[in-house]
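Residue numbers (our numbering), protein chains in the order written: chain A, 1 to 115; chain B, 1 to 111. Every residue gets a Cβ at the ideal spot worked out from N, C-alpha and C, and that includes glycine. All values derive from a computational prediction rather than experimental measurement. Report on the structure given below.
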């Protein structure tokens with residue numbers, strides 16, 4: 001199993017550009033989520049999904065869109081990048097739709113710099 | 001926004017020392033408390049999921065306890081080794097599968 005994979009590993013964007021961060025898992029996990037990690041702050045939940053076709057907002061959803069058309073993939077879209085979105089982004093997944101008591105498995109992260 | 005606090009923020013110990021750190025969380029509406037270990041340049045890896053008051057879990061030299069009534073969990077490392085150097089995170093899930101992470105305790109074990 002590859003586990004949770006993320007692409008790209010690193011990206012530089014200009015303000016106003018759009019891009020999609022890819023996340024895929026091959027463990028047949030129902031629950032997937034996106035976090036951002038900023039210096040001095042804990043991981044903050046952006047969006048999450050409890051199954052294909054079902055998504056919901058986390059703590060910091062503004063400026064980001066998600067969709068979940070398959071169990072395996074959970075892309076994160078930045079529609080118009082802003083410098084405040086410079087961060088490291090982690091995708092995670094866990095078994096079952098009720099993720100509260102399930103271990104989350106994290107991807108390797110995508111480092112994004114918005115100029 | 002929910003407050004999950006970890007202390008201390010950072011810790012330096014000598015190899016062989018035992019150490020512990022704390023995660024504090026709201027004591028109402030408790031579902032679970034997760035501990036993760038995060039090494040530099042890697043992604044967080046799960047250590048424990050704790051669900052019951054009084055829970056005590058152990059993995060090798062690392063153990064954790066849980067007090068849901070007062071809203072805290074302790075992580076203990078016995079006989080610290082350089083490979084234990086990492087940031088230790090706790091995460092508190094709430095209704096709707098939302099997780100709130102603490103800012104972590106950064107542990108450095110000096111050989």
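Exercise for the section: Would you verify that the beta carbon of residue 32 (chain B) is, or is not, closer than 8 Å to some beta carbon of chain A? Expected result: yes
Problem - Length of the line joining the Cα atoms of residue 96 (chain A) and residue 31 (chain A) - result: 6 Å
Exercise for the section: Could you tell me whether the segment 38 to 52 of chain A touches the segment 3 to 10 of chain A, where touching means 3 or more Cβ pairs closer than 8 Å? Expected result: no
Exercise for the section: Can you tell me which of A:113, A:108, A:114 puts its alpha carbon nearest to the alpha carbon of residue 23 (chain A)? Expected result: A:108
Practice task
Look at the alpha carbon of residue 46 (chain B) and the alpha carbon of residue 37 (chain B), and state the distance between them as a whole number of angstroms.
Solution key: 6 Å
Problem - Exposed unless 16 or more other CB atoms sit within 10 angstroms - verdict on residue 10 (chain A) - result: exposed
Exercise for the section: Examine the Cβ distances between the segment 32 to 44 of chain A and the segment 99 to 110 of chain B and report whether three or more of them are shorter than 8 Å. Expected result: yes
Handout entry: residue 91 (chain B) - partner residues in DSSP beta bridges
Key = B:34, B:101
Practice task
Note down, in chain order, every chain A residue with its Cβ under 7 Å from the Cβ of residue 102 (chain B).
Solution key: 42
Problem - Delimiting residues of the beta strand (DSSP E) encompassing residue 51 (chain A) - result: 44 to 51
Handout entry: Chain-ordered residues of the segment 45 to 64 of chain B with a beta carbon less than 7 Å from chain A
Key = 46, 49, 51
Practice task
Report all residues from its chain with a CB closer than 6 Å to the CB of residue 160 (chain B); omit the five preceding and five following residues, and keep chain order.
Solution key: Residue 160 (chain B) is absent from the model: chain B starts at 1 and stops at 111.
Exercise for the section: Go ahead and pull the three-state DSSP assignment for residue 6 (chain A). Expected result: strand
Practice task
Examine chain B for any beta-carbon lying closer than 8 Å to the beta-carbon of residue 90 (chain A), and answer yes or no.
Solution key: yes
Handout entry: Within chain A, the residues that residue 4 (chain B) reaches when beta carbons sit closer than 8 Å
Key = 42
Handout entry: Residue burial classification, residue 81 (chain A) (beta-carbon count within 10 angstroms, cutoff 16)
Key = buried
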